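K.L.:
Handing you this structure, nothing more for now.
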Amino acid sequence: MVVVGYGVQKKKEVTGNLAVIKGAVVADKPIQSFEAGIAGRAPGVQITVPNGVLNSPPVFRIRGTNSISLSSYPLIVIDGVPSFTNDYSSTNAAANPLASINPNDIESIDVAKDAAATAIYGSRAANGVVFITTKKGKAGKAKVTYDGWVGFSNPYRLPSMMNAQQYTNFKNAAVANNPTQSAVQFNIATGANGAPVNTNWYDYVYRQGISQNHNVSVSGGSDNTTYYFSAGYTAQQGIIRKNNFDRLNVLFNVDSRVNKVMTVGGKISYSNEKNLAATSSGSLSGEAFNTAGLGRLALVLPPSISPYNPDGSYNINGASIGYANIVGTSVPYYNPVPQLDLNRSNNEVNHIQSNAYLQLKPLNWITLRSTYGIDYLNIDNDLFWSPVTGDGYSYNGYASAIFGKYKTWVWTNTAQFDYTFAKKHNVSLLVGSEQTRRTSLAYGINRQGLSDPNYNLIQAGWINNNATGMGYGENYLLSKFSRLNYDYNKKYFISGNLRQDEYSALGVKKGTFWGVSGRWDISKENFWSSAKLDHIFNSFSIRGSYGKVGNIAGIGDYTPYSTFASGLYGGASTLTFNTVGNPALQWETSKKTDVGFSFSVLRERLSAEVAYYRNNIDGLILNVAQAPSAGLPSNPPQNIGSMYNKGVEIDLNARIIETKNFSWNSNFNISFNTNQVTALAPGLTNIQTSTSSLETVNRTAPGYAVGYLWVVRTAGVDPETGRRIFLNAQGNKVYYQYYAPSGQFNYSNADGTKYIGPTGATSISQANDAVMYGNVQPKQYGGWNNDFRYKNFDLNVMLTYQLGFYVYYGTNAGLHDQRFWNNATDMLTQAWQNKGDANKLYAKPVFGDNVSNGSAMPLDINVFKGNFVKLRNLSVGYNIPQSVLSRAKISRLRVYVSGQNLAIITKYPGPDPEVSSNGNSATAQGVDRNTAGNARTITVGLNVGF
Amino acid sequence: MKKYIINYQFSKLGLLFGILLFASCQKSFLDLKPYNASVLSDAIKSEADLNAAVNGLYASLRATDFYGRTFAVKGDLMADHAFLSSQNSGRYTGFNLYNMVVTDGYASNIWFNAYQAIKNANLIINSGLAITNDNISQLFSEAYAIRGMVYFDLCRNYALPYAKDPNGPGVPIVLSFNQNAKPARSSIKDVYAQAISDLNKAYSLAKFNQGTTMTFQSTGQSRTVNSSFCSKYAISGLLAKVYQHMGDWANAKNAALDVVNNGGFSLVPSTGLVNYWKGTTPRTDRVETMFEVTSDANNSVSDGTLANLYVPKPIGSYGDILATQDFYNSHSLTDVRRQLYNPSTRSGQLGIAYYITKYPIDPINYDDVKIVRYAEVLLILSEAYYNLNDPINALKYLNMVAMQRDPVFSGYTSTGPQILEDILTERGKELAWEGYRFWDFYRLQRSFVKPQAQDASNAIIQSITVTPTTLNIIFPIPKDEILVNPNITQNNGY
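Order-wise, the sequence lines are chains A and B.
Start counting the first sequence at 1; every next residue gets the next number (UniProt numbering).
Start counting the second sequence at 1; every next residue gets the next number (UniProt numbering).
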C-alpha cells in the first residue's frame, strides 16, 4: 500500500507517479533529518547535503528546480499535516524543522511526482509532495526494541595549505615582485617554547565529532486497539568545533476501534532540539564571506601566527587576530579560538506535532473521517559575542535573544465511497474539505555594551537595547477536493483529481487544480498470454497523466497589499510607503505531463519502471522593475516568467541471487533532467543572484538553466611575463598585471599597449566581459543500492551520484589570493616563477594581487565539473543466532558497523562537489565559497528486539 | 426495521459530514490584511498621520546617494579644490576622473531616491486632507517645499544649465503616484517653474518660523519647529537659490532679503564655528542653520556619511577626499575656517594630505547635512546686488560673512567684475564640502581646471579642464529608466 494523499492505494493500482522509500533506509543513520538520508533512493529525488554543519536543510528537489523566486522545496506532509520546512534559526546553528521527526520512527516515505499524484494538494503541489508516515502498532504481543549507535565523524579532502616557512618565503617573494609594497615583510612568530610558530588552523577549527543515538520503542495492541510508543535521544557532534545537535523526542500513535462503525485515534509527537554553534561556520546561506566564518578562517589565516601569545593569552589585536610578526599590511580576520571559546550562537526548538481523528464506517463501502492536526514550533535563539575580540569587539559585547512561534492547524474532513458494480467495475470516490491556518510571530532584543564582563547572558547588565527579529504573519488556505478512481476488472484504471484552493496571501485567491491519469495492465489482456508474452513478462503496464498544479511555497503573507512602514526622523515617528503589492497576484502554475511503463520479468526477480515527464511552469512570480521615475519603492511581484523541466527516470529492482544462505538485492535508478528558463519579463533580461551579497556568479536568463554560472574567461598565464591572460567579451586576449611599472599598464593588449575595450572600458570586468559558462543543475543523478545477506551477516553498499553539472569553487580563488592570505601548496608548483614557465595555472605572485586568480571577479579557472560518485553508505551487520538469543528472551539482536561518505570518485578539487554555499536557493546553486565540507562518519551500533 | 434504523443513523451522519465538509470554513480568514503596516489607501487621514508622513518624507532625503552624502560630494569633488586620494576606498572615482558612464551607480541611485522623495511628497500633497488649522497648513507647506527643492536638484544634476537653453530637456515632472507611469522629460524651464511654484505654494502655506512650536489639538502632542524641518524662511532661502541658478537676480534679491529682514537669523560667531560643525542636534535658535536633514544614533546612513568619507580613521573612516594645498593656503592664518582642515600624511598618498575635518564626528557615527544656511543666503544676496549694479550692498553682505569668519580681515573693497570674483572666492571657502563649488561654475557656464592627483611636493600632476560642454557635468539618465520607459530620452553623449 502507498500513501496517496487523504488515503492509501495499492501500488499496482496507482495511476500517478509515486516513488516509495522504506523508512528503514533512514533509520540508524548519523543524520539529523530524514531527507539527508534519501539521496539516490528513488528516481526523480535529488538531495544535496550542502555542508558539514549539523541540521542544515539539504537541497531537496523533485524533478528539478521548479521556481525562481519561490521555494523549490517539496511539500512535506507528515501523517496528514503539512510540515514546516527550511531553516528556522536566527543564529549560526541551523534548525531544520524536519529534524523533529526521529528517522527511526518513520514507516514509509512516499514521493508523489506527477500531476495525478500531486493534484490533490492543488496550489502547493508543483514541487512534488512527500508523505511521511510514522510507525503504528500491530495487534499482538507487545514488542520492545532498542536501537543505538556511536559514531565518529571527521572532515575529509581539506585543501593542503602552506606551512609557516613555505608561507613566509612565498609571501616575501610576492612582496619582492611589487615595488609599491616594499614595506611589507613577513616573519614567523615565536611560540611559547621559543620555537617558531607553525600553526595548522584546521586543528583549531575542526575536530573528530563523537555522536551517540538511542531509541526505545514499545508497540503492540489488541484486535481493537493498537499503539506505538517510542522515545529517542541523540547527541551528535559535528566536525566543526562546538557544533552540536541534541534531540530528545517522544512519539505516541494510537488507533482504537470503538465499535463496528466508529474508530478513533491520534498521534502526539514532541521533540526538543538543541542546535549549538559557537560562531559562524561560514557555510550556511548568507554566511560565505563572514569574517568570523570558521571554514574560511582555517584557510585564510597565516600559519606563521599563533592563536595564543607566548604567555598563553589570546593573540588578538582589537577585533582581529594579532599579527605583530607581519609588517606593513594588516590581517583583519578574527582569531577563531576565542570565538569558539567565548561566543555562542545557539537555538533550541520545541516542536509538537499532533493529530486526532474520528472515522465512521456506517456501511462497509462508506468511510467518513474528520482529522484535526496541529504543528507548533517554538524556537529560542541565543547569541552572544564576547567583548574581548571578534564580532563583539566594536560593540563592547553583544547579545541577542529572539523567540519565534510558528503554528499550523489543519482540519480535514473526507468522505470516501468504495463500491464494486457487477463484480468488475470498481469505483472509489473521495470528497473532502480542508482548512489550513498558519500564524507566525517573532520578537527579540539585542543588547550592546556589556557592563559586567563576567556575565555572558542576555539578562546581564548592558548599555544599549534594541528590538530585533520582529516578525508577524498569518495565512489561511481553504480547500475542497475530490478524487474519483475507476477500474475495470483491475485491468484498466482511470483516475481524476480535482482541488479548489482559496489562499489569503494572494490577490486572486481562488484557483482550481486537477490531474487525470490512466493505467493499462496489458499483461492481463488475453492477447498477451495468447502471444505467449506472459512467458517473458510477469507484468506489464503503461500509464500516463496530465494536469495542472500550483506553487505558493515561500510566498509572503501579504503580497496583494501595498504598505507603509514606520521609522523615525529626529526622534519623531514617520510613515513611508515602502512596499508595492499586486492585487492581481496568483500562484505559479505547473502543467505536468507524465508517461511511462513498468514491467517485471524472470518471475518478478527483475522489475523496472520507466517514465518520461515534462513540467511546463508558467506565471513564475518575478519582481519586475517599473520606471524609477514612477517612484515605486519596491519592484512589484508579477506572474510573468516561464520555464520547463523535462526528463526520463529509470528505476530497476533486481533480486539477483536468492538462495537459502546468500542473497543479493539491488536497486539502480537514474534520472535525467533538463531545466531551461524560457521567458523572464519585458525589461528583465536576466536575474543575478549573489553569494552572501558580495560575489555574483549565478545568472538566470532565458535559454539557460536556472542559476547558470556567469564568469570571466581566461586563457592561462603568459609564459614570458607570468601575467594572467583574460578573455574579454569578444574573446580577445587581455594581459593583466597587478603591479604596472612606469610606462606599462594593468590591462594591456598583446603588444603592450593599453587595453581599451569596445565600450571604452580600460579593464576587464564581470559586467562587461563575463559569459554564461556552466550549468549547475545535475543532468543525471541517482543511486545504486545493494543489499547482501550471507547466513547471519548482512552487507549494504549504497552509491549515489550526480553528473553533468559544474561547481564554482570560489574557495579556490581565496586559496590563491596574493594578499596576506595563506595559499594552497599547489601554488608552490603551479604559480609562474620564471620566464618561460609554460602551462602554469596561476599568475606570477605579486603581493596584493586579488585579481589574477579570481577574488575580485569570478573566473573560469575556478569552475570545475562536479561529477561525483559517492560511497554514501557501507555497513556490515551480524544477527546473533536465535539459538543464542532465545535463552536471554531476546527475539532479535544485530550488531553492525557502518560508514558514511567513505569514498568519493570525482575530479572536483575541493572537499566535496555535493555542496551549496547558498542553501536551498533556487537561483544560486553550484557555489562552493568558504564552505566547510561534509563529514565522513563511522558508526557502530546494535538493534535489539524483545 | 433494522434497516430503517441504519438508514436513519446514516442520514444523520451524512448530514453531520455534509456540514463538516462544506459549511465549516471561515471566509473572513481569507481577507487577512497586514496590520504591522498601514495599507496605502488608508494612510493619511488625520493631522497626526500627516505629521508622520511628512517626517517620513524628510527621512527619505537622508539616503547616502542623495542629500546624505553624494550631492555634497559631487559639488566639491567635481570642482577645482578637491581630489580623490590615490589611496582610496574606491568610492567616487568617476567623479574625480570625469569618466562616468551610462551605468554609473551614483547617477541611478540619486534618480531613484529623488523620485522616491517626490512620490512621498505627492502622496502627502494629494492625500485630500482639508486644511482646517495652521498645523495642517504648515505640514502641507513642508511637503510642497521638499518637492520643489528635489525638482530643482534633480534638474541641475540631470539637465544642462538653465542659462544655456531653458527649452532643453529637463526631467520628468511627476505630480501624482501612478504605478504604471512612463513619463517623458519636461523642459528645463518647466521644471524650474514647477520648483518655484511648489516653493511659492509652500511659502504661502507656511505658518511657523524656526524656534516656534506646533501643538496638535487631536493628540495633545507638540512639534518644535527646529532646523530639521523646512520652516518658513528656509523656503525663502531655497527660492533664492533657485532664482540664483536661473540668473533671475531681482527675485533672488527679494527672496534673500525676506530672510534677512524677517527671518531673525544670525551668523555663527567666529569663535563658535568649529563647535558649530561638531554639533549634531537640530537648532531652534536661528543661528546659521536654516534647514538640515538630521540623523541620530538609530536612524542614520551609518557609514555612508560625509564625515566617514572625509575624515580619516580613527575618528572617521575613509578619508578619501583631500583639499588641494592651494585651496588650504587661500585661507588666511586668522581665518577660523582654516581650523576645519587637518594637514597630515596618508599612507599611499604623496605629499601632505589636507584632510577635511569639517565634520568631526567622534565618537558618534552620524552627522546632519546642512541644506540652507544663513551665510549662503547672505552670499546670494550679495551676488544679486552685484548683478543689479548695487556694488555697495554687494560688498556689505559679502563682508558680513567674510569679516565674521576672519576677525582681523578688514573687508573686501574691490570694484567692478572683481566683486563677483571675490563673492565666488568667499563662497568657495564658506560653503566648501557642502556641495556648492561645482554649481557656481555650472550656472555661470565657466571652465575650470579640476585637479585629480598630486605629487610629493603637493603639485597637481593630473588634472582635467572642464568646460560647459564636458560630458560628465550632468549625469546620465539611468539605464533602469531607459530600459522600461520608452518616453524618456538620454542625455547627449551617454
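Even for Gly, the Cβ is constructed at its ideal location relative to N, Cα and C.
Note that the structure is a prediction, hence the values are computed from the model and not measured.
1) Using the DSSP secondary-structure output, state which residues sit across from A/Gly782 in a beta bridge.
2) Assuming A/Leu294 is part of the beta strand (DSSP E), what are its boundary residues?
3) Report all residues from its chain with a CB closer than 7 Å to the CB of A/Thr678; omit the five preceding and five following residues, and keep chain order.
4) When the cut-off is 9 Å and only beta carbons count, does A/Phe577 lie next to chain B?
5) Helix, strand or coil for residue 1016 of chain A, going by three-state DSSP, please let me know.
6) Quick one, are the C-beta atoms of A/Ser330 and A/Tyr323 less than 9 Å apart?
7) Which residues mark the beginning and the end of the beta strand (DSSP E) in which A/Asn272 is found?
8) Using 8 Å as the Cβ pair cut-off and three pairs as the minimum, do the stretch 311-322 of chain B and the stretch 391-405 of chain B touch?
9) Along chain B, which residues have their Cβ under 9 Å away from the Cβ of A/Asn475?
10) Verify whether the separation of the beta carbon atoms of B/Ala63 and A/Ser629 is less than 9 Å.
11) When you compare only the Cα positions, how much space is there between A/Asn343 and A/Ile240?
12) For A/Gln448, go through chain B and note every residue whose CB falls closer than 9 Å to its CB, in chain order.
13) Is the Cβ of B/Phe475 closer than 9 Å to any Cβ of chain A?
14) For the alpha helix (DSSP H) holding B/Met149, just list the boundary residues, first then last.
15) Report the option in B/Asp455, B/Lys370, B/Ala252, B/Asn262 whose CA atom is closest to the CA atom of B/Gly351.
16) Select from the stretch 616-640 of chain A all residues with a C-beta closer than 8 Å to any C-beta belonging to chain B, and list them in chain order.
17) Does B/Ala63 get closer than 9 Å to chain A when you measure Cβ to Cβ?
18) Restricting to runs no shorter than 4 residues, where is the alpha helix (DSSP H) found entirely within the stretch 147-183 of chain A?
19) At least one CB of chain A closer than 9 Å to the CB of B/Asp303: is that the case?
20) Quick check: A/Gly933 and A/Asn51, are their CB atoms within less than 9 Å of each other?
21) Let me check understanding here. Comparing Cα to Cα, which of A/Gly570, A/Ser573, A/Pro560, A/Pro336 lies closest to A/Thr579?
22) Identify each residue in the stretch 479-491 of chain B for which the Cβ-Cβ distance to at least one residue of chain A is less than 8 Å, and report them in chain order.
23) Does A/Phe599 come within less than 9 Å of chain B when only Cβ atoms are used?
24) Drop a sphere of 10 angstroms on the beta-carbon of A/Gln730, count the other beta-carbons inside from all chains shown, and report buried for 16 or more, exposed for fewer.
25) At a Cβ cut of 8 Å, what residues of the stretch 289-323 of chain B count as close to chain A, listed as they run along the chain?
26) Our contact map puts B/Asp198 next to B/Tyr243 with C-beta atoms below 8 Å; I'd like the distance itself, whole angstroms only.
27) From which residue to which residue does the alpha helix (DSSP H) around B/Glu383 run?
28) Nearest chain B C-beta to A/Gly515 closer than 9 Å, yes or no?
29) What separation, rounded to the nearest whole angstrom, lies between the Cα atoms of A/Lys12 and A/Val130?
30) Would you mind telling me which residues of chain B sit closer than 9 Å to A/Val846, beta carbon to beta carbon, in chain order?
31) Using a beta-carbon distance below 9 Å, is B/Gly493 in contact with chain A?
32) Return yes when the Cβ of B/Ser236 is within less than 9 Å of the Cβ of B/Ala250, no when it is not.
33) Can you pull out the residues from the stretch 118-140 of chain B whose beta carbon lies closer than 7 Å to at least one beta carbon of chain A?
34) Please classify A/Ala843 as buried or exposed, where buried requires at least 16 neighbouring CB atoms within 10 angstroms.
35) Looking only at its chain, what residues have a beta carbon closer than 6 Å to the beta carbon of residue 949 of chain A, apart from the 5 residues adjacent to it on each side?
36) I need the straight-line Cα distance from A/Arg936 to A/Gly238, nearest angstrom please.
P.N.:
The short version:
1) Along the first sequence, read from residue 1 onward, the residue named residue 782 of chain A stands at position 782. Answer is A/Ile670, A/Tyr801.
2) Taking the first sequence and counting its residues from 1, the one referred to as residue 294 of chain A is at position 294. Taken as a continuous stretch (DSSP letters only), A/Leu294 belongs to no beta strand (DSSP E), being part of the alpha helix (DSSP H) at 294-300.
3) As a first step, residue 678 of chain A is located in the first sequence; it is residue number 678 there, counting from the start. Taken in chain order, the residues that qualify are Ser642, Met643, Tyr644, Pro702.
4) Here residue 577 of chain A refers to the residue found at position 577 when the first sequence is read from its first residue. It does: the Cβ of A/Phe577 has a partner Cβ on chain B nearer than 9 Å.
5) Residue 1016 of chain A lies beyond the range of chain A shown here (1 to 946); nothing can be said about it.
6) Translated into the one-based positions of the first sequence, residue 330 of chain A becomes position 330. Translated into the one-based positions of the first sequence, residue 323 of chain A becomes position 323. Contact flag set, yes.
7) One-based indexing of the first sequence puts residue 272 of chain A at position 272. Counting along the chain, the beta strand (DSSP E) containing A/Asn272 begins and ends at 262-276.
8) no
9) For the purposes of this step, residue 475 of chain A is identified with residue 475 of the first sequence, where counting begins at 1. Result: Phe29, Leu32.
10) Locating residue 63 of chain B in the second sequence gives position 63, where the first residue counts as 1. Locating residue 629 of chain A in the first sequence gives position 629, where the first residue counts as 1. The answer is no: Cβ separation not under 9 Å.
11) Within the first sequence, numbered from 1, the residue matching residue 343 of chain A stands at position 343. Within the first sequence, numbered from 1, the residue matching residue 240 of chain A stands at position 240. Whole-angstrom Cα-Cα distance: 14 Å.
12) Here residue 448 of chain A corresponds to residue number 448 of the first sequence, with the count starting at 1. Simply none; closest approach about 11 Å.
13) In the second sequence, the residue the question calls residue 475 of chain B occupies position 475. False, the Cβ-Cβ gap to chain A never drops below 9 Å.
14) Within the second sequence, numbered from 1, the residue matching residue 149 of chain B stands at position 149. B/Met149 -> alpha helix (DSSP H) spans 134-158.
15) Start at 1 with the first residue of the second sequence, and residue 351 of chain B comes out as number 351. Considering only alpha carbons, the answer is B/Asp455.
16) Ala625, Gln626, Ala627, Pro628, Ser629, Ala630, Gly631, Leu632, Pro633, Pro636
17) The residue labelled residue 63 of chain B in the question sits at position 63 within the second sequence. B/Ala63 does not count as touching chain A.
18) 164-176
19) Working through the second sequence from its first residue, we reach residue 303 of chain B at position 303. False, the Cβ-Cβ gap to chain A never drops below 9 Å.
20) In the first sequence, the residue the question calls residue 933 of chain A occupies position 933. In the first sequence, the residue the question calls residue 51 of chain A occupies position 51. Cβ atoms of A/Gly933 and A/Asn51: closer than 9 Å.
21) As a first step, residue 579 of chain A must be located in the first sequence, where it is residue number 579. Closest by alpha carbon: A/Pro560.
22) Asp480, Glu481, Leu483, Val484, Asn485, Ile488
23) Sequence index remark: in the first sequence, residue 599 of chain A carries index 599 (1-based). Judged by the 9 Å Cβ criterion, A/Phe599 is not in contact with chain B.
24) For the purposes of this step, residue 730 of chain A is identified with residue 730 of the first sequence, where counting begins at 1. Exposed is the call here.
25) Thr294, Asp296, Asn298, Asn299
26) Stepping through the second sequence from its first residue, residue 198 of chain B is reached at position 198. Stepping through the second sequence from its first residue, residue 243 of chain B is reached at position 243. About 14 Å separates the two Cβ atoms, so there is no contact after all.
27) Here residue 383 of chain B refers to the residue found at position 383 of the second sequence. It spans 374-387 - the alpha helix (DSSP H) in which B/Glu383 sits, taken as one unbroken run.
28) Here the question's residue 515 of chain A lines up with position 515 in the first sequence. No - not a single Cβ of chain B is within 9 Å of the one on A/Gly515.
29) Along the first sequence, one-based indexing puts residue 12 of chain A at 12. Along the first sequence, one-based indexing puts residue 130 of chain A at 130. Approximately 19 Å between the Cα atoms of the pair.
30) Taking the first residue of the first sequence as 1, we reach residue 846 of chain A at position 846. Neighbours of A/Val846 on chain B: none; closest Cβ ~16 Å, over 9 Å.
31) Taking the first residue of the second sequence as 1, we reach residue 493 of chain B at position 493. With 9 Å as the cut-off, B/Gly493 does not count as an interface residue toward chain A.
32) Locating residue 250 of chain B in the second sequence gives position 250, where the first residue counts as 1. Locating residue 236 of chain B in the second sequence gives position 236, where the first residue counts as 1. No, Cβ-Cβ distance for B/Ala250 and B/Ser236 is not below 9 Å.
33) Ile118, Lys119, Asn120, Leu123
34) Sequence index remark: in the first sequence, residue 843 of chain A carries index 843 (1-based). Buried, since its Cβ has 16 or more Cβ neighbours within 10 Å.
35) Nothing about residue 949 of chain A can be read from this structure; chain A reaches only from 1 to 946.
36) By one-based count along the first sequence, residue 936 of chain A stands at place 936. By one-based count along the first sequence, residue 238 of chain A stands at place 238. Those two C-alpha atoms are separated by around 10 Å.
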